[in-house]
Amino acid sequence: MLIQRDQLPLVNYHGMNQVHQRELDILNEFYEAIVSGKPEKEISRLFNEFLEDVKEHFAYEEDLMKKTYFFAYECHSGEHKRVLEELENVRETWEKTKNVNFLRNYFENTFKPWIVEHILTMDTVTGEYLSKVLMGVGVLIPQS
Ligand SMILES: [Fe+2]
Ligand SMILES: [Fe+2]
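Be aware that the sequence shown starts at 155, since it is given in our numbering, and climbs by one per residue.
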């Protein structure tokens, strides 16, 4: 397991926590395939599944931030964009080299600390803002 459930920080907005939990499950399954020596095809399939989920995760937060005119939208979405490009590059390198150690190293030493830190900082500030702003308009923008 790359990240345990209780290692994942919670934010003050339920919908974001749900999205993070789903991503954690997909990421852990993908990571298990990497470390347990599953066939390359299976690793590639799970990598694609993970990447699609990351895109949905980021788009979900960006949509909420836009709808509520979040003050740090540029900063938060810019960080999403940077990591998405990084993940696309990692996938490209994986497809070219099929080097599992490279993948393992990236997810253990770069992605894992990044996602925990990102949730603790930008997502926490965003979740706090959403919980306040959406209190009165929860009917217009359901949390899940
Ligand atoms: Fe997030
Ligand atoms: Fe985020």
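Where is the CB? At the ideal position from N, CA and C, for every residue including glycine.
Bear in mind that the values here come from a model prediction, so they are computed numbers and not experimental data.
- By the Cβ neighbour-count rule, GLU206 is exposed, with fewer than 16 other Cβ atoms within 10 Å of its own.
- Here the distance from the Cβ of ASP207 to the nearest heavy atom of ligand 1 is not below 7 Å.
- Each of GLU215, ASP277 has a C-beta closer than 5 Å to some heavy atom of ligand 2; these make up the full list, in chain order.
- Annotation: ARG236 to ARG258 spans about 20 Å, alpha carbon to alpha carbon.
- Remark: the C-beta of ILE197 is outside contact range of ligand 1, defined as less than 7 Å to any heavy atom.
- With fewer than 16 other CB atoms across the displayed protein chains lying within 10 angstroms of its CB, TYR223 is exposed.
- Scanning its chain for C-beta atoms nearer than 6 Å, with the 5 sequence neighbours on each side dropped, one finds around VAL254 the residues ILE188, in chain order.
- Within the chosen limit of 7 Å, ligand 1 reaches the beta carbon of HIS211 through at least one heavy atom.
- Of ASN243, TYR167, ASP217, ILE157, the smallest CA-CA separation from LYS286 is found for TYR167.
- DSSP places THR278 inside the alpha helix (DSSP H), whose first and last residues are 278 to 287.
- Between TRP268 and the set MET289, GLU233, ARG159, the nearest pair of CA atoms involves GLU233.
- In this structure, MET289 has its beta carbon at no less than 7 Å from each heavy atom of ligand 1.
- Remark: the shortest separation between the CB of MET170 and any heavy atom of ligand 1 falls under 7 Å.
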